[in-house]
Structure formats: structure tokens, C-alpha cells
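**Q**
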Amino acid sequence: GRSIAGFHLRDALDLVAKREPALLQRFGGHAMAAGCTIAEADFERFAAALCAVAGEQLDATTLTRTLRTDGPLPAQWFDAATAALLDAQVWGAGFEAPLFCDEVQVLQQRLVGDKHLKLRVRHAGALRDAIWFGHAEPVPGSVRLAYRLALDEWQGRERVQMVVQAAVQAG
249 GRSIAGFHLR DALDLVAKRE PALLQRFGGH AMAAGCTIAE ADFERFAAAL CAVAGEQLDA
309 TTLTRTLRTD GPLPAQWFDA ATAALLDAQV WGAGFEAPLF CDEVQVLQQR LVGDKHLKLR
369 VRHAGALRDA IWFGHAEPVP GSVRLAYRLA LDEWQGRERV QMVVQAAVQA G
């Protein structure tokens with residue numbers, strides 16, 4: 249499984265193993281990802297034991313979703329050259345791809361494939377395309393978007409678009 253900041257998953261499994269010595273056949277991992285082997289019949293017992301450990305270690309602050317952004321993207325950098333430059337970099341844990349945050353006016357929104365929200369927005373005085381993968385709920389007319397800049401190629405034409413990660417009502 250995967251974890252969240254503030255909850256060391258491998259150490260949590262270690263604590264479960266110490267409290268329930270016969271439960272885990274084996275386990276391993278690190279702070280942000282870990283795995284284990286258990287008997288299928290022990291799943292409910294394992295879930296209860298892991299939930300107990302999580303309940304002891306997690307508080308409301310740790311469970312509050314926090315999204316860190318790089319702030320607004322200056323309008324002059326919203327272009328194919330910047331998107332290509334960002335795409336050419338190597339990003340990963342501890343060195344995430346830039347996540348920008350800007351207020352936009354939503355002009356159009358529609359579902360693509362029943363599970364992705366396609367948006368047409370006004371951003372810094374210009375019309376922009378945006379897509380929110382895995383999100384099907386409509387958004388308000390004025391929102392603050394957290395997004396990554398990306399190139400989208402469709403029907404042989406390349407366009408710059410916002411790939412939305414989160415949205416909150418502006419204001």
C-alpha cells in the first residue's frame with residue numbers, strides 16, 4: 249500500500265507484527281509504501297490491527313489534505329516551449345513536477361468518457377483548455393485551480409493545457 253506524510257507505513261506494519269505475532273507472514277517497505285503477506289482468513293483481523301495503529305498515530309492535522317503549489321504561472325510562460333521544457337525534466341519523490349495555482353473563470357465544462365472533466369477557462373485574459381482526469385463533478389464558475397502544464401496532441405495538433413489536480417471555489 250501507499251501512505252501519507254506523517255504515517256510511516258513500514259513501521260506501522262512492524263507494530264502490527266509485534267502486537268499480533270502470527271498475523272503477518274512477512275512484510276517490508278519504507279515510510280511511504282509497504283506491503284505484507286497474510287492469510288486470506290486473517291484479513292479482517294489485519295485490517296482491525298492496522299486501523300488501531302493508524303488511530304493511535306494519526307490526528308486531524310495529519311489527515312487534512314495539504315496541497316503545496318509553486319504559485320501562479322505567469323501568463324507569458326503558458327506556452328508550448330515551457331510545457332515541453334517541463335516535460336523533458338526528470339521528476340519524482342522529493343522533486344515533484346511544478347504544480348501551479350491560478351484563479352480562472354470557467355466558461356465551458358463537459359464530461360469526456362464519463363469520468364474526465366474537460367474545461368474551457370479564462371486565465372490571465374486568455375482562453376485555455378483544461379482537463380481533470382478521474383473527476384466527473386462540475387466545478388463553480390470561478391475557481392482556483394491547482395494544475396500542471398502539459399502538451400496535448402489531438403488530431404495532429406499540439407495544444408497547451410492545464411492538467412487539473414484540485415479545485416476550490418475562488419473568493
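Counting in our numbering, the sequence shown runs from 249 upward without gaps.
Think of the CB as a built atom: it goes at the ideal place given N, C-alpha and C, for glycine as much as any other residue.
This structure is a prediction, so every number in the text was calculated from the model and none was measured.
1) Can you tell me which residues form a DSSP beta bridge with Val-408?
2) Using the Cβ count rule (16 or more neighbours within 10 Å means buried), how would you classify Gln-337?
3) Going straight from the alpha carbon of Gln-409 to that of Tyr-395, what length do you get?
4) Looking at the unbroken alpha helix (DSSP H) that takes in Leu-263, where does it start and where does it end?
5) Are the segment 290-304 and the segment 314-327 touching by the rule of at least three beta carbon pairs closer than 8 Å?
6) Mapping the DSSP letters down to three states, classify Ala-281 as helix, strand or coil.
7) What are the boundary residues of the alpha helix (DSSP H) that includes Ala-328?
8) With DSSP as the reference, please indicate the residues paired to Phe-343 in a beta bridge.
9) Give me the residue from Ala-384, Val-416 and Gly-319 with the minimum Cα distance to Gln-353.
10) Let me know the secondary structure DSSP gives Ala-297 once reduced to three states.
11) Three or more C-beta pairs closer than 8 Å, one from the segment 337-348 and one from the segment 367-378: is that the case here?
12) State the CB to CB distance for the pair Leu-271 and Phe-294, rounded to an integer number of angstroms; the pair is presumed to be in contact (CB under 8 Å).
13) Which residue marks the beginning of the beta strand (DSSP E) containing Leu-375, and which one marks its end?
14) In angstroms, rounded to a whole number, what distance separates the CA positions of Ser-314 and His-383?
15) Roughly how many whole angstroms lie between the Cα atoms of Val-391 and Glu-351?
16) Measuring CB to CB, does Pro-386 end up less than 8 Å from Gln-357?
**A** In this structure, then:
1) Leu-399
2) exposed
3) 9 Å
4) 257-267
5) no
6) strand
7) 328-335
8) Gly-340
9) Val-416
10) helix
11) no
12) 6 Å
13) 374-380
14) Looking at the sequence shown, residue 314 is not Ser but Thr. C-alpha separation (whole angstroms): 19 Å.
15) 6 Å
16) yes
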